[in-house]
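Visitor: Got a structure here, written out as structure tokens. Questions coming.
Protein chains: 2
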Amino acid sequence: MKKTIVDVAKELNLAPSTISKIVNNTGRISPETRERVLKYVQESGYVAMSNARILSAKKSWTIGVIYSDISLIGFEHPFFSRILQSFKNHVEQTGYEIVLIVSRLGNNELTYLEWCRNKKVDGVLIVMGNINNPNIIEVVNSTIPCVSADVVMPNLHSIISNDAMGIILGIDHALKLKMKKIIAVSGPLTARSFMTRMDTFRNYMVHKNLEYNENSVIIADEFGYESGYRVGEMIANRVDNLPEMILVFSDVLAFGVIRALEAKGIRVPDDVSVIGYDDIDFAKHYTPSLTTIHQDTKAIGSLAAQELLAAIEHPIEKRQIVKYIPVTLIERNSTKKI
Amino acid sequence: MKKTIVDVAKELNLAPSTISKIVNNTGRISPETRERVLKYVQESGYVAMSNARILSAKKSWTIGVIYSDISLIGFEHPFFSRILQSFKNHVEQTGYEIVLIVSRLGNNELTYLEWCRNKKVDGVLIVMGNINNPNIIEVVNSTIPCVSADVVMPNLHSIISNDAMGIILGIDHALKLKMKKIIAVSGPLTARSFMTRMDTFRNYMVHKNLEYNENSVIIADEFGYESGYRVGEMIANRVDNLPEMILVFSDVLAFGVIRALEAKGIRVPDDVSVIGYDDIDFAKHYTPSLTTIHQDTKAIGSLAAQELLAAIEHPIEKRQIVKYIPVTLIERNSTKKI
DNA sequence: TTGTACGCGTTATCAA
DNA sequence: TTGATAACGCGTACAA
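Here the protein sequences line up with chains A and B, keeping their order.
For the first sequence, counting from 1, position 169 maps to 195 in the numbering used here; every step adds exactly one.
For the second sequence, counting from 1, position 80 maps to 106 in the numbering used here; every step adds exactly one.
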């Protein structure tokens, strides 16, 4: 049978409160009893029952994670699941535990904030959230410390991948290869990251005095391979005006683009070079292996963890803070060699 | 400020226990008060604080998930994360919530079972567990209802993909294509599924009077693409005795095998056909797109959920039960057409 | 049908 | 330095 704090107290001829103080390192206790208790606790393997603990104290040692609005997809997302994993590893080091925030509790529909208060979560990590979701906005503007990865909105402290840097690396790489006819392929602009990449692309192209017009960017209508394929066909049809370099804002789209080009007899990288974005596992196994922008999911997750933990310890006034994590260009075989 | 059950009781001039009975549908209550209370609860959005609830009752409406021994990998696994997602969707319908079981609580190291008891989880789902992990064995043999996906061990109720069926489908497909020289490529035999596929392959080959000898199976030393590539090179070297069909027990290995064959000038599917296993996202985008055995992760997850929920409601004596989920063969372009 | 009283296991406050 | 006592919020016998 499980020992309670009362059992432990009895067996040591002490009061429960004394045990509690020692276990939680609070209050003044004589070194002797402290040691005696600690030793006993160690041996008997006593651990406070967390529900009782949470009920009585304020803290739950728990961090809520808003992972996805569309709960039907989720864990398998190559980018976000990595961030989450890294975040998890980091916070667990410090004794916290993560729980997935959902919008129901038993048979009740709750807002995210209600759920958080009900569970007394100490902080919230937001990944893959729609910034217009009132549920999320409510949490962000509450008193609960929040940090996000990849989501930027008012009053929110965010850790994001440096999207501008990725695009600049891409264009610079093209320039290094003496290419000047560069176009971009973006996913749907509902995602902030695609917006940023678009903007940077335009600005940097202009900045570098490269040709930029309405044909310089193509926006895919979806995120998947097939959508990329359709874009690739469009590009292939510009027979008299093929680009030398295509910057595609996601690897999966890039895969589609490449296949479509090849289907039309345009060789990659001989006729045109392609750079992807994300460096998903498969990028290195594609044919041709994909030159791409690698995002440092591990750093994003662990910095998010650090910052959230800090905010929990020392609550600060909420305001928008954005920290950028550098990306790197991984050169493979979808781009010409120098 | 958050309302408690006492607040609600006061405002309705009733006793807290009355409210509790109504909310939890227990005890006899007059229709009038029931309705009155329900209405008020609805409007005020009262929801019992879960920690207090769990502390007081036995149930936590929570299902623990043992997801991985190596916590450093995890969410992104294409096969298991899908099962988990499906499981999660299913149990959430019925008011349960999933939590990831870890082996620490605050600053204490706990066994899985201790953790479960501490949190009062109502049941446990095991995915990706090492069957020799004493931690897991302890949970399985405890009084807590358990169900596993893809893990088989004594006293455990398991839902698994029908591995034998996958192999039989593969061999039958080869036969349909009039191929008789069939070999198999397996991943490391540390995984039960690979073992089963191996055994089935041998038995069914013999059963069909097909040639089976020490060259009929090659076991890759790892799970990844590179490992598959090495196996592919080995196969390619058997110039005078190439197989007509290669059954590879994982898509990722198959990708490697195919590339290695091609590198040696052996064309797929013209010279040799390849069937993969798993039907991961990328299988359809590979070149050539991969004929493969599709595992029904959704069915596995949701059946696991059903069975676990049932076991929680009506605890049954623990014994080994294994239920199989059918697989299907998806025909693509890595195999000859008929 | 409703209400009273106690227990769940812990922490915090205050007194000794 | 230690202990008694009262919350924390809820469920549940049992009494009314």
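Backbone N, C-alpha and C fix where the C-beta goes; we use that ideal spot for every residue, glycine too.
No experiment lies behind these values; they were computed from the predicted model shown.
Looking at the C-beta of methionine 154/B, does it have a partner C-beta in chain A at a distance below 9 Å?
Guide: So, not an interface residue.
Visitor: Between Gly192/B, Lys202/B, Leu203/B and Lys47/B, which has its C-alpha nearest valine 210/B's C-alpha?
Guide: It is alanine, not valine, that sits at residue 210/B in the sequence shown. Minimum Cα distance to alanine 210/B is reached at Gly192/B.
Visitor: Residues of chain A with CB under 8 Å from phenylalanine 249/B, in chain order?
Guide: In chain order: nothing, as chain A lies at least about 12 Å away.
Visitor: Spatial neighbours of serine 97/A within its chain, please: C-beta separation below 6 Å, excluding the five flanking residues on both sides.
Guide: Since pLDDT at serine 97/A reaches only 45, below the 50 mark, its modelled position is unreliable, and the value read off the structure follows with that caveat. Same-chain partners within the cutoff: there are none.
Visitor: Compare the Cα-Cα distances from lysine 65/B to each of Ile48/B, Pro295/B, Ile80/B and Ile124/B and report the closest residue.
Guide: Ranking the options by Cα distance to lysine 65/B, first place goes to Ile48/B.
Visitor: Taking a cut of 7 Å between CB atoms, which residues from the segment 304-320 of chain B lie near chain A?
Guide: Residues passing the 7 Å Cβ filter: Phe308, His311 and Thr313.
Visitor: Is histidine 340/B helix, strand or coil by DSSP?
Guide: Reduced to three states, the DSSP call for histidine 340/B is coil.
Visitor: Only counting the same chain, and skipping five residues up and downstream in sequence, which positions put a Cβ closer than 8 Å to that of asparagine 144/B?
Guide: If we look at asparagine 144/B and ignore the five residues flanking it on each side, its Cβ neighbours are Leu131 and Leu136.
Visitor: Shorter than 9 Å from the beta carbon of isoleucine 124/A to some beta carbon of chain B?
Guide: For isoleucine 124/A, the answer is yes, since a Cβ of chain B falls inside 9 Å of its Cβ.
Visitor: Would you mind giving the Cβ-Cβ distance between valine 353/B and leucine 195/B, rounded to the nearest angstrom? I have them listed as a contact below 8 Å.
Guide: Yes, they are in contact, since the Cβ atoms of valine 353/B and leucine 195/B sit about 7 Å apart, within 8 Å.
Visitor: Between which two residues does the alpha helix (DSSP H) containing glutamate 288/A stretch?
Guide: Where glutamate 288/A is concerned, the enclosing alpha helix (DSSP H) stretches over 277-289.
Visitor: Can you give me the Cβ contacts of arginine 86/B inside the same chain, cut-off strictly under 7 Å, excluding the 5 residues immediately before and after it?
Guide: Before going on, a small fix: residue 86/B reads as serine here, not arginine. Same-chain partners within the cutoff: Ile80, Lys145, Lys146, Val147 and Asp148.
Visitor: Going by the CB atoms, is the gap between threonine 323/B and arginine 358/B shorter than 9 Å?
Guide: No, the Cβ-Cβ distance between arginine 358/B and threonine 323/B is not below 9 Å.
Visitor: Entirely within the segment 158-208 of chain A and at least 4 residues each: give me those alpha helix (DSSP H) ranges in chain order.
Guide: Runs of the alpha helix (DSSP H) inside the segment 158-208 of chain A: 160-166 and 189-202.
Visitor: Assuming alanine 331/B and histidine 116/B are in contact, meaning their beta carbons sit under 8 Å apart, how far apart are those beta carbons, in whole angstroms?
Guide: Right, their Cβ atoms sit about 4 Å apart.
Visitor: Under 9 Å, Cβ to Cβ, is there at least one residue of chain B near asparagine 359/A?
Guide: No, because no Cβ of chain B sits closer than 9 Å to the Cβ of asparagine 359/A.
Visitor: Note down, one range per segment and in chain order, each alpha helix (DSSP H) of at least 4 residues found wholly within the segment 54-81 of chain B.
Guide: Runs of the alpha helix (DSSP H) inside the segment 54-81 of chain B: 57-70.
Visitor: Among the residues of its own chain, which have a CB less than 6 Å from the CB of alanine 200/B, if the five just before and after it don't count?
Guide: Cβ within range, chain order: Ile208 and Met271.
Visitor: Contact criterion: CB-CB distance below 9 Å. Does serine 168/A meet it with respect to chain B?
Guide: By this cut-off, serine 168/A is not an interface position.
Visitor: Measuring alpha carbon to alpha carbon, tell me which residue in Asn50/B, Lys234/B and Asn235/B is nearest glycine 121/B.
Guide: Residue Asn50/B is the option with its Cα nearest to glycine 121/B.
Visitor: So, do the segment 235-243 of chain A and the segment 161-179 of chain A have three or more beta carbon pairs nearer to each other than 8 Å?
Guide: Output reads no: the segment 161-179 of chain A does not touch the segment 235-243 of chain A.
Visitor: Determine the direct distance from the alpha carbon of serine 315/B to that of alanine 309/B, and round the result to whole angstroms.
Guide: Using only the alpha carbons, I get a separation of about 6 Å.
Visitor: Helix, strand or coil for tyrosine 350/A per DSSP?
Guide: If DSSP states are grouped into helix, strand and coil, tyrosine 350/A belongs with the strands.
Visitor: I'd like the span of the beta strand (DSSP E) that includes glutamine 321/A, first residue to last.
Guide: 317-321 is the extent of the beta strand (DSSP E) around glutamine 321/A.
Visitor: Which residues bound the beta strand (DSSP E) around tyrosine 303/A?
Guide: Where tyrosine 303/A is concerned, the enclosing beta strand (DSSP E) stretches over 299-304.
Visitor: Leaving out five residues before and five after tyrosine 230/B in sequence, what residues of the same chain have Cβ atoms less than 7 Å from its Cβ?
Guide: Result list for tyrosine 230/B: Ile193, Ile194 and Ile197, in chain order.
Visitor: Leucine 273/B lies in the alpha helix (DSSP H); which residues open and close that run?
Guide: Per DSSP, leucine 273/B belongs to no alpha helix (DSSP H); it is in the beta strand (DSSP E), 271-274.
Visitor: Against chain B, which members of the segment 333-356 of chain A pass a CB distance test of less than 9 Å?
Guide: Listed in sequence order: no entries.
Visitor: Once the 5 residues before and after leucine 329/B are set aside, which same chain residues still bring their CB inside 6 Å of it?
Guide: So the list reads Ile185, once near-sequence residues are dropped.
Visitor: Kindly indicate if chain A contains any beta-carbon less than 9 Å away from that of valine 32/B.
Guide: False, the Cβ-Cβ gap to chain A never drops below 9 Å.
Visitor: If contact is defined by three or more beta carbon pairs under 8 Å, each pair taking one atom from either stretch, is the segment 275-288 of chain A in contact with the segment 175-184 of chain A?
Guide: Contact between the segment 175-184 of chain A and the segment 275-288 of chain A is absent, because fewer than three Cβ pairs lie under 8 Å.
Visitor: Using a Cβ cut-off of 8 Å, pull out every chain B residue sitting near proline 104/A, in sequence order please.
Guide: Within 8 Å Cβ-Cβ: Glu102.
Visitor: What are the boundary residues of the alpha helix (DSSP H) that includes leucine 110/B?
Guide: Per DSSP, leucine 110/B belongs to the alpha helix (DSSP H) from 106-119.
Visitor: Using a C-beta to C-beta distance shorter than 7 Å, which residues of chain B count as neighbours of isoleucine 80/A?
Guide: Near isoleucine 80/A (Cβ distances below 7 Å), the residues of chain B are Asn77.
Visitor: What does a CB cutoff of less than 6 Å around proline 295/B pick up in its chain, not counting 5 residues either side in sequence?
Guide: Contacts found: Ser360, Thr361 and Lys362.
Visitor: Whole angstroms is fine: what's the gap from glutamate 339/B's alpha carbon to isoleucine 152/B's?
Guide: Rounded to the nearest angstrom, the two C-alpha atoms are 18 Å apart.
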